[in-house]
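Novice: In the numbering used here, the protein residues as written are 5 to 128. Each residue gets a CB set at the ideal place from its N, CA and C atoms; glycine is no exception. Please read these numbers as outputs of a predicted model, since none were measured by experiment. Below is the structure I would like to discuss, written out as structure tokens.
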């Protein structure tokens with residue numbers, strides 16, 4: 005069976021990227037506060053879980069096309085969120101520079117889209 009179109013993945017990556025880059029200082033502060041206060045950390049985790057769970061329907065075209073997710077949907081979504089968050093943090097700290105290579109917003113969105121799309125559609 006053919007893979008679902010890449011165009012389904014790009015809006016998700018783009019929306020996350022725009023949110024992350026517009027709110028990176030606040031997100032960093034929330035992460036740091038969650039590290040020092042377990043109760044606050046649990047509240048933040050609940051918010052993040054609700055936010056990422058709305059993406060569950062986006063996995064349906066992948067399984068409908070006969071693909072197998074790398075893990076149960078909850079774990080697949082957690083890995084997806086972790087990838088976006090981790091890359092966004094790395095991009096922020098490096099100001100988009102990786103070695104001699106400068107990465108702008110559009111290229112970061114395209115690279116994340118391709119990475120996630122290929123991982124979920126063409127893996128073993």
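Do residue 96 and residue 28 have their beta-carbon atoms positioned less than 8 Å apart in this structure?
Specialist: What you label residue 28 is simply residue 24 of the chain shown in a count that begins at 1. What you label residue 96 is simply residue 92 of the chain shown in a count that begins at 1. For residue 28 and residue 96, yes; Cβs fall inside 8 Å.
Novice: How big is the Cα-Cα spacing for residue 15 and residue 124?
Specialist: Numbered from its first residue, the chain shown carries residue 15 at position 11. Numbered from its first residue, the chain shown carries residue 124 at position 120. Going by the C-alpha atoms only, they are around 16 Å apart.
Novice: Which residue wins for smallest C-alpha separation from residue 21, given the options 51, 93 and 103?
Specialist: As a first step, residue 21 must be located in the chain shown, where it is residue number 17. Of the candidates 51, 93 and 103, the one whose C-alpha sits nearest the C-alpha of residue 21 is 93.
Novice: Would you kindly work out how many angstroms separate the C-alpha atoms of residue 32 and residue 98, rounded to a whole number?
Specialist: In the chain shown, the residue the question calls residue 32 occupies position 28. In the chain shown, the residue the question calls residue 98 occupies position 94. Approximately 15 Å between the Cα atoms of the pair.
Novice: Grouping DSSP H, G and I as helix and E and B as strand, with all else coil, what is residue 106?
Specialist: As a first step, residue 106 must be located in the chain shown, where it is residue number 102. Reduced to three states, the DSSP call for residue 106 is strand.
Novice: To the nearest angstrom, how far is it from the Cα of residue 38 to the Cα of residue 46?
Specialist: For the purposes of this step, residue 38 is taken as residue 34 along the chain shown, with counting starting at 1. For the purposes of this step, residue 46 is taken as residue 42 along the chain shown, with counting starting at 1. Those two C-alpha atoms are separated by around 8 Å.
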